[in-house]
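Step one of this worksheet: look at the structure below.
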């Protein structure tokens with residue numbers, strides 16, 4: 073996959089960094105070991121954080137700042153990582169789903185960055201471009217229906233938008249049929265060291281999704 077950046081991203085959020093991870097996988101149900109790992113992380117996070125601290129975390133704060141810079145209100149369209157961390161602080165479990173989905177959620181809350189998780193075989197073309205959502209641009213968010221992505225950072229393939237830090241698109245979502253995975257780890261401000269992010273992503277994919285042929289690259293506008 074090739075990655076490009078719209079000039080407005082280079083101008084408005086020049087500190088942005090993409091960690092792209094690709095892998096061959098098996099789409100398996102979430103097993104008890106993965107679920108215990110998620111639950112344990114959630115309990116530890118809740119014990120150490122107050123609700124008022126969630127949006128101060130560097131990765132989340134950087135994403136929120138990018139929203140504001142591009143003209144979006146982050147309290148109405150929360151970055152996905154922030155929403156997940158808020159659930160932990162409230163003492164709520166995440167929704168148990170496929171291992172691919174749940175391990176991406178775990179990686180996201182651990183590293184502090186919103187992550188796009190895509191079935192790479194559903195992506196139109198061989199290039200993704202990071203730009204900004206337009207007024208009236210159609211976008212079907214996973215489990216949410218139509219989402220107003222105007223002024224949100226958005227990854228687009230040859231057909232249209234597939235991912236924002238708030239929600240990915242139904243069209244390219246991971247399912248039981250997914251065999252090739254693409255992760256876009258969207259770093260708007262450093263939180264976890266990138267080497268640790270890559271190591272954790274690799275471990276989770278190998279341990280819970282039979283991940284192999286795992287590759288990663290880092291891109292900047």
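Numbering (our numbering), first residue to last: 73 to 293.
All residues carry an ideal CB built from backbone N, CA and C; glycine is no exception.
For this session: Measure the CB-CB distance between residue 166 and residue 156 and report whether it falls below 8 Å.
Result: As a working mapping, residue 166 is identified with position 94 in the chain shown. As a working mapping, residue 156 is identified with position 84 in the chain shown. When the beta-carbon positions are compared, residue 166 and residue 156 come within less than 8 Å of each other.
For this session: Starting from the Cα of residue 209, find the closest Cα among 251, 141, 241 and give me that residue.
Result: The residue given as residue 209 occupies position 137 in the chain shown. For the residues 251, 141, 241, the minimum Cα distance to residue 209 belongs to 241.
Exercise. Near residue 73, which residues of its chain fall below 8 Å by C-beta distance, leaving aside the five closest residues on each side in sequence?
Worked result: Here residue 73 refers to the residue found at position 1 when the chain shown is read from its first residue. Cβ within range, chain order: 92, 94, 192, 195, 198, 199, 200, 254.
Exercise. Counting pairs of Cβ atoms below 8 Å between the stretch 145-153 and the stretch 228-246, do you hit three or more?
Worked result: At 8 Å Cβ cutoff, the stretches touch.
For this session: Kindly indicate which three-state DSSP category residue 220 falls into: helix, strand or coil?
Result: Mapped onto the chain shown, residue 220 falls at position 148. The three-state reading of DSSP puts residue 220 in coil, since its state is none of H, G, I, E or B.
Exercise. Can you find at least 3 beta carbon pairs, one from the stretch 171-178 and one from the stretch 92-112, that sit closer than 8 Å?
Worked result: As far as the Cβ criterion goes, the stretch 171-178 touches the stretch 92-112, which means the pair count is three or higher.
Exercise. Can you give the Cα-Cα distance for residue 226 and residue 285, rounded to whole angstroms?
Worked result: In the chain shown, the residue the question calls residue 226 occupies position 154. In the chain shown, the residue the question calls residue 285 occupies position 213. Pairing residue 226 with residue 285, the inter-Cα distance amounts to about 27 Å.
For this session: Mark residue 268 as exposed unless 16 or more other C-beta atoms lie within 10 angstroms of its C-beta, in which case mark it buried.
Result: Against the chain shown, residue 268 aligns to sequence position 196. The Cβ neighbour count for residue 268, taken over all protein chains shown within 10 Å, is under 16; the residue is labelled exposed.
Exercise. If you count every other CB in all the chains shown that lies within 10 Å of the CB of residue 187, and 16 or more means buried, which is it?
Worked result: Along the chain shown, read from residue 1 onward, the residue named residue 187 stands at position 115. Buried is the call here.
Exercise. Going by alpha carbons, who is nearest to residue 85 out of 134, 119, 124, 266?
Worked result: For the purposes of this step, residue 85 is identified with residue 13 of the chain shown, where counting begins at 1. It is 134.
Exercise. Is residue 280 near residue 175, with beta carbons less than 8 Å apart?
Worked result: Counting from one through the chain shown, the residue named residue 280 turns up at place 208. Counting from one through the chain shown, the residue named residue 175 turns up at place 103. Yes, these two residues count as a Cβ contact at 8 Å.
Exercise. Just how far apart, CA to CA, sit residue 144 and residue 282?
Worked result: Here residue 144 corresponds to residue number 72 of the chain shown, with the count starting at 1. Here residue 282 corresponds to residue number 210 of the chain shown, with the count starting at 1. Going from the Cα of residue 144 to the Cα of residue 282 covers about 38 Å.
For this session: Can you tell me which of the three DSSP states residue 282 falls into?
Result: Residue 282 sits at position 210 when you count from the first residue of the chain shown. Residue state, collapsed to three classes: coil.
For this session: Would you check if the distance between the CB atom of residue 81 and the CB atom of residue 218 is smaller than 8 Å?
Result: The sequence position of residue 81 within the chain shown is 9, counting from 1. The sequence position of residue 218 within the chain shown is 146, counting from 1. Cβ atoms of residue 81 and residue 218: not closer than 8 Å.
Exercise. When the Cα atoms are used, what is the spatial distance from residue 142 to residue 249?
Worked result: Numbered from its first residue, the chain shown carries residue 142 at position 70. Numbered from its first residue, the chain shown carries residue 249 at position 177. Residue 142 and residue 249 have their alpha carbons spaced roughly 35 Å apart.
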